[in-house]
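Remarks on the structure that follows.
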Amino acid sequence: MRRLRYSYHMELTFELPVNEHHFKLRCFPSSDERQKISYTRIEIYPQHFSTEEPDSFGNMCIFGTARQSHERFSVDVEGTAEIDASGQVAAIPSKTGIFKYETALTKAGKTIREFHRSLDPMNWMTGYERTVYMMNELYPEFRYVPGVTGILTSAEDAFRLRRGVCQDYAQILLALCRLERIPCRYVAGMIPGEGATHAWIDVCDGGVWRGIDPTHNRECDDTYIKISGGRDAQDCAINQGVFYGGGKQTQTVKVIVKIM
Amino acid sequence: MSVLSRENCERLFWLGRYSERVYTGLRDFMEKFDAMTGSPSAGEYAKHFCFDSNNPDSVSFSLMRAYDNAIVLRDETGTETFSYIQLAVYEMKNAAKSAAPLLPLQKVIDNIAAFWGMADDRIEDEKVRGIIKLGKRIERVDLYARMNADKEDIRREVRRLSYRIGRAGLSYSTEGLSRINALAECEEIDRAGIVREVEALITFAE
Amino acid sequence: MAIPEELYPYSGSVNELLARYGVKFGIYKNGVFNEQLFPFDIIPRIIERREFEYLERGLKQRVKALNEFIRDVYSDKKIIADGVIPEDFVYSGSGWLAQCDGVNPPQNIYSHISGIDLVQAKNGEWFILEDNLRIPSGASYPMIARELCRRSAPSVFAENRIEDNRNYAQLLRRTMDYVNTGGLSVILTPGRFNAAYFEHSYFAELTGARLVTCEDLVVEDEHLYFKDYSGKKEQVGAVYRRISDEYLDPVNFNRESLIGVPHVFEIYKKGRVALLNAPGNGAADDKGIYYFVPAMIRYYLHEDPVLNNAPTYLLYYERDMKYVLEHFDSLVIKDVAEAGGYGIIFGDSLSAEKKAEFIDLLKAEPRRFIAQEVIDFKDIDIFDGEAGKRVPRKADFRAFVLMNDEPVVWKSGLTRFSRNPDSFVVNSSQGGGFKDTWVMEE
């Protein structure tokens, strides 16, 4: 059991004023068997109308509309998390099947398929063990280099570059698992330190979701705070918004997690 | 009372304006075309001012704009009323191919007249009816002022517009309307002034 | 009954009337928009009462099962758990939408308006060809054609007892009202450049539902409103939307979409507005899922299917793959992702080389294709005005089933025919024509 304090800040700045801004935010960790979340602050700027509603993956979302003209849009979320790494998050069978299938971002192309063929797992391994095995094999083949990939880069494109960030590690491993129809999901979250959000994957192991982090080549421990889960990074997008005007936009995210 | 979107208000207004532009424009064209009988440039003239639907000054162009508005107003005007605009389009196409274009063009006029009659008779909603008519009246004053129509004709059309304008339920400039009336009563009519004022009479709120 | 020959002389005049009323469909060719008349054939398809009752039984049963299926795959997914349908066919297509998982639409109706395509074989047997549960179109055409035929040849309608099909607008209105959550019913059109714009505006005129585009609608304080010219807002309770799922709401579906009503999907999830048809219905009208509809009927309704599918093979199953490879030349292969008469390949039409290439593709992507026996269509006569006589053509039949508390089958339908004597393709986008369908009262 570990207690963490987190703060999450996302800010969008626009070159020109935005008038009507419809947003759907997905950056609110929620409690489950593994993590107990409390909030000390949720603040959205500018003034707006909004409501809460979970999406179909169970992620808490706040959606709304800011009609007043603005050049900046921001969200601040702060609170504490109590993590119990042994807490078992059940994989509901009727909600698990979908995670066996590739999406546009996790579709294995030629390069990932070739790599997959080169692997030689033991046939007695469970799905979870195979995933850990594939993670171990993937780790030396890929380098953590920020700035070469973007949020819409697919697993295949990233793997062809052999470089990328946590989102790419996670999506490549998902693509590999899905070639074997192992149910696995993308997780967006936070880990101790200062910087951006982190991403890893959950693998269904005997009816329970277990987290592994391919970027660090390790199993997730009690320092991982989950924000959202889905089939790929797009399902976990922090904000899906539409607005009128605005010109060029810049998004910055700042996450601070401290062990208490 | 029905609910009418702002877009449909504007479309009804322009349907009225363009149908009038076709009607008055064609009557004018037919007269001039007849006067040119025997002239070698008659064909060119007809092509340019009547049938060239890419020329914004042609009758055909106005008719196609009337059609563009009518086709998206089927639910407001009803299929039966709409059909007269559609028929006018077909007749215009026939006229463009005909060696004696005035005969099918007369049918275009007939269909526009029938469209107005049907709109008046068949459209139950007073506002929908009123906006089409207002568009027609505004366009009439505008055209007459531009076309050097007789003073008395302009005064008559200004009176008809003044009578009609309050019944469409759209907001309009009352000062503008009195200025148009004053301009029309002058001995020497300021035609450009009337055009300017009448174009500014109605504004569709954002 | 026999085909009423008294109608022949009116072939031209009914087509003229259709032109007069602007009964057209839009089509893009090389990027240019054109409105085209939909050629009408004066000879109706006639379905005797007894035969229609049989079709009605089969169609109601099918639509009930399809509705159950959609409800199931967006909730408990029992049909997958029980092994009736492999989950591959539910999840790996593009039809099942994750956003819709767990959503319960008003009155639990998903497919409010279903267009079921059938063909009749030479021996008279009917086969289901395709289920259209997203935005099936076409009912307006026989509806207005009937009106105009009655005007042209009243004696035919006086002498024969034909079910009146002009009640479609009332059926549609009732279907919207049945799920309306309070407020206006509207028809949402993508606009005048949509192929079926005539139908959208005609239905609006006849049902009294307001025809709207996305800009006319706004979501505020968790309800949907129609904005009128003065800025006044009126609540909307039912949207018969004629725009596809991906363009419905940019905040929840395709974020690149320039049209759509932001947040409409969220308030739909909360039960504040009805969307007809429900988003996500593509999960059930995919050509791969089609194969399983008879199994669905048995599974959900514990009944034997009244109407059969055309004999279909799923390349996903090894035994079917084997059969298809052995009988390739006598089959028609369909790409499950294509519609509108595209992506259809007749086995015997390929050269040896193309055939080998295509078989490689089948083996590489078995989930992408289905194969069907070529049905020996019963030809149906059309009246050839120039020759002044009847000539046979291929035709299909789209039946419309509207869902209220119980499914209702419209006593008519759209019969489409191929104008080219050698063609099997009847789609209007590929130059086909249409007929009225008469259901006899006795």
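Protein chains in written order, with my numbering: chain B, 52 to 311; chain X, 44 to 249; chain U, 122 to 563. By construction, the Cβ of each residue, glycine as well, lies at the ideal position given by its N, Cα and C atoms.
Contact note: Tyr323 (chain U) reaches chain X through Arg117, Asp118 and Thr122, using a C-beta cutoff of 9 Å and chain order. The beta carbon of Gly258 (chain B) sits closer than 7 Å to the beta carbons of Ala141 and Ala142 from its chain, once the five residues preceding and following it are set aside; these are given in chain order. Among the CB atoms of chain X, one or more fall inside 8 Å of the CB of Leu332 (chain U).
Lys75 (chain B) has a beta carbon lying within less than 8 Å of a beta carbon in chain U. For Gly115 (chain B), the enclosing beta strand (DSSP E) begins and ends at Met111 to Ala117.
Val224 (chain U) and Arg181 (chain B) have their alpha carbons spaced roughly 34 Å apart.
The Cβ atoms of Asn398 (chain U) and His233 (chain U) sit closer than 8 Å to each other. C-alpha of Phe56 (chain X) to C-alpha of Phe158 (chain X): approximately 15 Å in a straight line.
Approximately 7 Å separates the beta-carbon atoms of Gly280 (chain B) and Tyr237 (chain B); this is inside 8 Å, confirming the contact. Judged by their CB atoms, Ser378 (chain U) and Tyr323 (chain U) are not nearer to each other than the 8 Å cut-off.
If you check the CB distance, Leu523 (chain U) and Thr296 (chain U) come in under 8 Å. For Glu119 (chain X), there is no enclosing beta strand (DSSP E); the residue is found in the alpha helix (DSSP H) stretching over Arg117 to Thr120. Listed by position along chain U, the residues whose Cβ is nearer than 9 Å to that of Glu104 (chain B) are Glu387, Lys390 and Lys391. The residues Glu129 and Ile307, in chain order, have a CB closer than 6 Å to that of Ser58 (chain B) in the same chain once the five nearest residues on each side in sequence are set aside. Listed along chain X, no residue sits closer than 8 Å to Asp238 (chain U) by beta-carbon distance, the nearest being about 27 Å off.
Counting only runs of 4 or more residues that sit fully inside the region 112-181 of chain X, the alpha helix (DSSP H) segments are 117-120, 122-140 and 145-165, in chain order. Below the 7 Å Cβ cutoff, chain U contributes no neighbours of Gly280 (chain B), its closest Cβ being approximately 12 Å away. In this structure, the beta-carbon distance from Arg393 (chain U) to Leu345 (chain U) falls below 8 Å.
Annotation: the continuous alpha helix (DSSP H) that includes Leu212 (chain B) extends over Ala206 to Leu212. Among the residues of chain U, those whose CB is under 8 Å from the CB of Ser107 (chain B) are Ala219, Gln220, Cys221, Asp222, Gly223 and Val224, following chain order. A Cβ-Cβ distance of about 4 Å is found for the pair Gly358 (chain U) and Asn301 (chain U), placing them in contact under the 8 Å criterion. The continuous stretches of beta strand (DSSP E) do not include Ile201 (chain U), which lies in the alpha helix (DSSP H) extending over residues Lys199 to Ala202. In the structure shown, His73 (chain B) falls within a strand segment according to DSSP collapsed to helix, strand and coil. Taking 8 Å as the CB threshold, Phe498 (chain U) stays off the interface with chain X.
Here Asp164 (chain X) is exposed. Its C-beta has fewer than 16 other C-beta atoms within 10 Å.
Annotated three-state conformation of Arg56 (chain B) is strand, per DSSP.
Note that the C-beta distance between Ile174 (chain X) and Gly59 (chain X) is below 8 Å. Counting only runs of at least 3 residues, the region 391-443 of chain U fully encloses the following beta strand (DSSP E) elements, listed from N- to C-terminal order: 395-397 and 433-435.
The C-beta of Ser145 (chain B) comes closer than 8 Å to at least one C-beta of chain U.
DSSP places Phe521 (chain U) within a strand segment (E or B) once states are collapsed to three. Its Cα nearest to that of Phe74 (chain B), the residue B:Pro97 stands out among B:Pro97, B:Glu245 and B:Pro80.
Residue pairing from DSSP places Ser89 (chain B) in a beta bridge opposite B:Thr131.
Proximity of chain U to Ser96 (chain X) at the Cβ level (cut-off 9 Å) is not reached, the minimal Cβ distance being about 14 Å. For His321 (chain U), the uninterrupted alpha helix (DSSP H) run begins and ends at Tyr318 to Thr328, by DSSP. The closest CA to that of His267 (chain B), considering only B:Asn110, B:His121, B:Leu189 and B:Met173, is found on B:Leu189.
Neighbours of Pro383 (chain U) in chain B, taken as residues at a C-beta separation under 8 Å, are given in chain order as His73, Thr116 and Val293.
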